[in-house]
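Position one of the sequence shown corresponds to residue 4 (our numbering), numbered consecutively onward. Where a beta carbon is used, it is the ideal one built from N, C-alpha and C, also for glycine.
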Amino acid sequence: DAEQDSMILMTDVLRLRQVLVNLLNNAIKFTHKGYVELGYKLKSGKILFYVKDTGIGIPDDMKDNVFKRFMQVDHGLNRSYQGTGLGLTISKNLVELLGGTISVESVVGKGSTFYCEFEKSKELKNTEKKVKPVKINKLNSVVKKFESFNVLIAEDNDINYRLIHDILEVVGITIIRAVNGIEVLDKLRAVKSIDMIIMDMNMPEVNGFEATQIIRQTNSDLPIIACTAYALDIEKERCLEVGCNDYIPKPIDQEHLLMVCSNYYLGRINKENSK
Numbered sequence: 004d005a006e007q008d009s010m011i012l013m014t015d016v017l018r019l020r021q022v023l024v025n026l027l028n029n030a031i032k033f034t035h036k037g038y039v040e041l042g043y044k045l046k047s048g049k050i051l052f053y054v055k056d057t058g059i060g061i062p063d064d065m066k067d068n069v070f071k072r073f074m075q076v077d078h079g080l081n082r083s084y085q086g087t088g089l090g091l092t093i094s095k096n097l098v099e100l101l102g103g104t105i106s107v108e109s110v111v112g113k114g115s116t117f118y119c120e121f122e123k124s125k126e127l128k129n130t131e132k133k134v135k136p137v138k139i140n141k142l143n144s145v146v147k148k149f150e151s152f153n154v155l156i157a158e159d160n161d162i163n164y165r166l167i168h169d170i171l172e173v174v175g176i177t178i179i180r181a182v183n184g185i186e187v188l189d190k191l192r193a194v195k196s197i198d199m200i201i202m203d204m205n206m207p208e209v210n211g212f213e214a215t216q217i218i219r220q221t222n223s224d225l226p227i228i229a230c231t232a233y234a235l236d237i238e239k240e241r242c243l244e245v246g247c248n249d250y251i252p253k254p255i256d257q258e259h260l261l262m263v264c265s266n267y268y269l270g271r272i273n274k275e276n277s278k
């Protein structure tokens with residue numbers, strides 16, 4: 004119906020794909036006849052992805068354990084099923100980081116169905132619609148209007164780029180875009196007045212980690228803000244280790260993004276005034 008046709012899920016495509024690939028690999032591993040099916044359902048404002056198989060199935064007393072580290076249904080009784088047992092644990096962690104839930108239904112000898120459920124995102128009837136600026140009385144440290152502040156947004160996903168673009172454009176920030184690390188380096192050579200980079204760390208060709216390391220070989224002062232769906236501390240540390248100054252998690256929080264931009268904008272002004 005019309006409501007279902009307009010349902011949109013805004014998420015990290017790479018992480019969602021990783022989850023579904025993990026579930027598919029798991030289903031294929033334990034299915035020796037029949038089929039493996041990937042699909043989705045729309046219901047009551049939710050999007051439900053599923054991976055269904057006709058494999059060995061999971062006993063009732065094991066269903067609560069399949070998402071735990073190193074747990075396998077067969078407990079290693081058959082060498083053809085050996086593995087690390089981390090795929091489902093990683094999938095569960097990723098789904099929850101993306102704001103969803105994961106569950107399983109299964110019958111021994113008949114197969115299993117894994118479900119990943121997400122609330123639908125707000126409708127994007129007009130992606131060109133400007134985002135309302137944050138109320139300054141709520142965030143006194145947020146700059147109300149930026150002047151001559153040029154930000155390079157390195158983001159290959161159009162929806163993510165448009166979201167960041169609209170938030171920053173409202174407060175007067177000049178936007179430049181790159182869709183991969185190669186373009187980031189090209190833009191830096193061509194545009195000498197870039198004041199900050201918002202760097203997606205998972206771009207194609209040359210990713211954000213590689214691009215940041217290259218930039219830091221010749222430029223140690225340019226603020227680089229890592230932007231990624233990875234919310235684990237080890238991933239944040241990795242971003243900082245390669246040379247990023249700060250970290251913004253996905254999905255993007257408008258207030259957090261403007262707070263970060265304000266910090267580096269005011270830092271630039273203070274530096275200029277101290278000369």
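When the options are compared against residue i, the one with the closest alpha-carbon
| i | options | result |
| --- | --- | --- |
| A181 | E158, K147, D256 and L100 | E158 |
| M282 | K147, G246 and E122 | Residue 282 lies beyond the range of the chain shown here (4 to 278); nothing can be said about it. |
| M199 | N273, V263 and N276 | V263 |
| R18 | K66, G270, L225 and P254 | P254 |
| L26 | C119, E150, I170 and T177 | C119 |
| G58 | L51, G114, I50 and K49 | G114 |
| V39 | I176, K55, L51 and F152 | K55 |
| T215 | K195, V187 and E240 | V187 |
| V173 | T221, I237, E150 and C230 | E150 |
| V110 | K66, V146 and V98 | K66 |
Classification of residue i by the beta-carbon crowding that lies within 10 angstroms, buried from 16 upward
| i | result |
| --- | --- |
| G37 | exposed |
| S83 | The predicted position of S83 is uncertain, since its pLDDT is 38 and thus under 50; a value taken from the coordinates is nonetheless stated next. That one is exposed. |
| E208 | exposed |
| I156 | buried |
| F73 | Only weak support exists for where F73 lies, its pLDDT of 42 falling under 50; the value from the coordinates is given anyway. It is exposed - the Cβ of F73 has fewer than 16 other Cβ atoms within 10 Å. |
| I31 | exposed |
| N205 | buried |
| S94 | buried |
| S223 | exposed |
| V154 | buried |
| L260 | buried |
| D249 | buried |
| S265 | buried |
| P226 | buried |
| T231 | buried |
| K133 | Only weak support is given to the placement of K133: the predicted model assigns it a pLDDT of 41, under 50, and the question is left unresolved by the model. |
| L166 | buried |
Segment limits, beta strand (DSSP E) that includes residue i
| i | result |
| --- | --- |
| K46 | V39 to K46 |
| V107 | T104 to V110 |
| V54 | K49 to D56 |
| E122 | G114 to E122 |
Residue span of the alpha helix (DSSP H) that contains residue i, given as start and end
| i | result |
| --- | --- |
| S265 | Q257 to N276 |
| L155 | Where L155 is concerned, there is no enclosing alpha helix (DSSP H), although the beta strand (DSSP E) it sits in stretches over N153 to A157. |
| I251 | No alpha helix (DSSP H) holds I251; the beta strand (DSSP E) holding it covers D249 to P252. |
| L12 | Here L12 belongs to no alpha helix (DSSP H), and DSSP marks it neither H nor E. |
| L166 | D161 to V173 |
Practice prompt. Count the C-beta pairs between the stretch 238 to 247 and the stretch 172 to 188 that are closer than 8 Å, then say yes if the count reaches three, no if not.
Written response: no
Discussion item. Ignoring anything shorter than 3 residues, give me the beta strand (DSSP E) runs that lie fully in the stretch 182 to 244, in order along the chain.
Written reply: 199 to 203 and 227 to 231
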